[in-house]
Amino acid sequence: MFFKYVLRSLLICIPFLAQAQMENMAVIEKGSYVPLYGRDSVKVKIDRFALDVYPVTNADFKKFLKEYPEWQKDKVKALFADGNYLRHWDANGSLKKGESLKAPVTNVSYFAAKKYCECQDKRLPTLDEWEYVAMADETTADARVKDSYNEFILSWYEKPNSFNQEVGSTFKNYWNIYDMHGLVWEWTSDFNSVMISGESRRDVDQDNNLFCGSAAIGSSDLMNYAAFMRYAFRGSIKANYGVRNLGFRCAKTINNQTKQNDEDL
270 MFFKYVLRSL
280 LICIPFLAQA
290 QMENMAVIEK
300 GSYVPLYGRD
310 SVKVKIDRFA
320 LDVYPVTNAD
330 FKKFLKEYPE
340 WQKDKVKALF
350 ADGNYLRHWD
360 ANGSLKKGES
370 LKAPVTNVSY
380 FAAKKYCECQ
390 DKRLPTLDEW
400 EYVAMADETT
410 ADARVKDSYN
420 EFILSWYEKP
430 NSFNQEVGST
440 FKNYWNIYDM
450 HGLVWEWTSD
460 FNSVMISGES
470 RRDVDQDNNL
480 FCGSAAIGSS
490 DLMNYAAFMR
500 YAFRGSIKAN
510 YGVRNLGFRC
520 AKTINNQTKQ
530 NDEDL
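If you're matching positions, the sequence shown starts at 270 in this note's numbering and goes up one per residue.
As structure tokens, this is what we get:
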């Protein structure tokens, strides 16, 4: 019975609301950027893709739970979610008092977020895709050199309970995307991929549990504390974790065969 559950949870997914797959998504044009972490500060190329304009809300996730009840808090296996999973929901699948349906869903594990996106024929964005979009402010695709950009992000990190604000509460950035900063942290498909094993606590056995102790290694801009904190946070979590200020949004690959051949960036 357990293996049947695993098969359904990980492999089988009939997309729901298929007709709305591209609604409330923005197209992100191809480009490149130098991430905070990377070998020799090499530019990373980003292919054209689509990204949800808003984070997934409690209301969105409630519809998903109705369609896939095996992901309700009293049914999901510990392999896929820890004890914090949907902690702000009751046993009947409803939000607890004081929680907003229009706020980003949080306390959702990586596995649940990945499943949600797959069931809309979408996927979680990669870390590089997320960072590429997140480095924009209202008018500039790469605003990382602006003091005001980093000051806004760092001031948000100091605010409590921003996770219960409605989506769309922050500015619309250059790509027409809301809430990349200001409401919740967000899962990516490869959330801890930039961290290396063998940091100071685990040098002997080269363990692959990727923590944030090695975060400073390879930084291409040590003054960019806002991004530094994101990478450190990603490296400290595991895929079954539920975190009160951690949500997600979905991405979608765009078929570029009809586009002209891309020039080298």
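Where a beta carbon is used, it is the ideal one built from N, C-alpha and C, also for glycine.
Taking the Cα positions, V402 is about 23 Å away from V512. Straight-line measurement puts the Cα of I523 at about 28 Å from the Cα of W340. Between N361 and the set K344, M449, K384, K299, the nearest pair of CA atoms involves K344. In this structure, DSSP gives I297 an extended state, which the three-state scheme calls strand. Under a 10 Å Cβ-count criterion, V296 is classified as exposed, with fewer than 16 other Cβ atoms of the shown protein chains found around its own Cβ. Secondary structure of G437 (DSSP, three-state): coil. Here DSSP, grouped into helix, strand and coil, assigns R413 to coil.
Within a 10 Å sphere around the beta-carbon of E420 sit fewer than 16 other beta-carbons, which makes this residue exposed. For L334, there is no enclosing beta strand (DSSP E); the enclosing alpha helix (DSSP H) covers residues 327 to 336. Going by beta carbons, P394 and V325 fall outside the 8 Å limit. M404 places its beta carbon 8 Å or farther from that of Y500. Of R317, E435, Y354, the smallest CA-CA separation from A508 is found for Y354.
Beta-bridge analysis with DSSP links E455 to G516.
Pairing F318 with E427 gives a Cβ-Cβ distance that is not under 8 Å. DSSP, reduced to helix, strand and coil, places K384 within a helical segment of the structure shown. For the 8 Å CB-CB criterion, V453 and L515 form a contact.
Bounds of any beta strand (DSSP E) do not take in D397; it lies within the alpha helix (DSSP H) bounded by 396 to 403. The Cβ atoms of D321 and M294 lie closer than 8 Å to each other. Looking only at E292, K299, M291, the smallest Cα-Cα distance to A410 is reached by K299. Partner residues in the beta bridge of V313, as assigned by DSSP, are Y302.
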